[in-house]
Amino acid sequence: MDKTNVALQELEAELKEVEQTLHEALTELFPPFSQMVAQELRRTYPLQRGALVLAAGMPAQDDEAARRRRIDLAAALEMLHLAINVHIRLGEADRGGAAHSSVLGSTILAGDYCFSRAAALAVRTGERVVVEIFSDVLKRISEGHLRQLLEGGDASFDEDRELFIAGADAAIHLAQNAPSVRSMALHLAGLLATHEASEQAAPFWNHARKELQSLLTPIQSARWEAFLDWRRSKL
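One gets my numbering by counting positions in the sequence shown from 1 and adding 465 to each.
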């Protein structure tokens, strides 16, 4: 079995742990919150943002502590995405109709709970910078949606791009990679955020890999290739 296939198996195993971590973080929810969040969680699959974190968060020399931190970070990013979906999208749907106030209240409370769990998972990484990155991206997304609300439906805002880039940035910090690796990861994250640009991701990676071959270890390179293979198979 070649290195990429091994790396793909390891990536998929870590993604299962991310999924388990998400479900564990939501165990304190009870009906109707639990059904609402579970339904929205199913819509987030495949866990693209988490998978990106698991690729960007691979250090030069891996160990169990680093592995646990990137799994917590991946779960934190997916939980943040889930919170935004519940809090903003479902909230907007409720306001668009004649929803009962208790339904709207449940939506807001469920979203708030998911935000709190995302913050707790980010804190578990033990890195202040990671928490700051999460705080900043939440601020940008909130401001973006507010502008969209005030300026009307024609105002464009790419929420996913913000999440992909923030996740890659936080993961690169955890892995303590060089600035050149960070630049590559952030650019790649931006390409992966939208379907229109994602087709450029593989050619960009092939070019970047040659440029960064002295900075990426074999396990890092194999993890990135496994991530791109995984993503192509899911979309």
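Where is the CB? At the ideal position from N, CA and C, for every residue including glycine.
Simplified DSSP state of residue i, which is helix, strand or coil
i    : result
G522 : coil
D694 : helix
A563 : Legend: pLDDT at A563 = 47, less than 50; position of this residue unreliable, value from coordinates given subsequently. In the structure shown, A563 sits in coil (DSSP, three-state: anything other than H, G, I, E or B).
Y510 : coil
P497 : coil
T486 : helix
A658 : coil
A478 : helix
D577 : helix
D467 : coil
Q613 : helix
R589 : coil
E664 : coil
S686 : helix
D634 : helix
Q678 : coil
Q504 : helix
For residue j and residue i, believed in contact at Cβ under 8 Å, the rounded distance
i    : j    : result
R534 : T590 : 5 Å
L628 : L542 : 7 Å
M523 : L586 : About 19 Å separates the two Cβ atoms, so there is no contact after all.
P666 : L657 : In the sequence on display, residue 666 carries Ala and not Pro. Sure, about 5 Å apart at Cβ, within 8 Å.
A407 : W689 : A question about residue 407 goes unanswered here, because the residues of the chain that appear run from 466 up to 700.
R674 : G655 : Not confirmed; about 17 Å, so no contact.
K468 : P683 : 7 Å
A691 : A472 : 4 Å
A643 : L680 : 5 Å
L611 : V646 : 34 Å between Cβ atoms; not a contact.
Cβ-based burial, residue i [other Cβ within 10 Å; buried from 16]
i    : result
A478 : exposed
L615 : exposed
N671 : exposed
N550 : buried
L653 : buried
R697 : exposed
Q685 : buried
Y735 : Outside the shown range of the chain (466 to 700) lies residue 735, about which nothing can therefore be said.
A563 : At A563 the pLDDT is 47, less than 50, meaning the model places this residue with poor confidence and gives no usable figure here.
R508 : exposed
V594 : exposed
L639 : buried
L693 : buried
A521 : buried
A575 : buried
Cβ pair residue i, residue j closer than 8 Å
i    : j    : result
V502 : L512 : no
A490 : A540 : yes
R514 : H546 : yes
D623 : T659 : yes
L519 : L487 : no
A548 : F498 : no
Neighbour flag for residue i against chain D, beta carbons, 8 Å
i    : result
M649 : Within the model displayed, chain D is absent; a lone protein chain is all it includes.
Residue i beta carbon near the ligand SAM (any heavy atom closer than 7 Å)
i    : result
W670 : Of ligands this structure carries none, so the ligand SAM is not represented either.
Using 8 Å as the threshold, is the stretch 633–640 in touch with the stretch 592–602, meaning 3 or more CB pairs across them? Touching, per the Cβ criterion.
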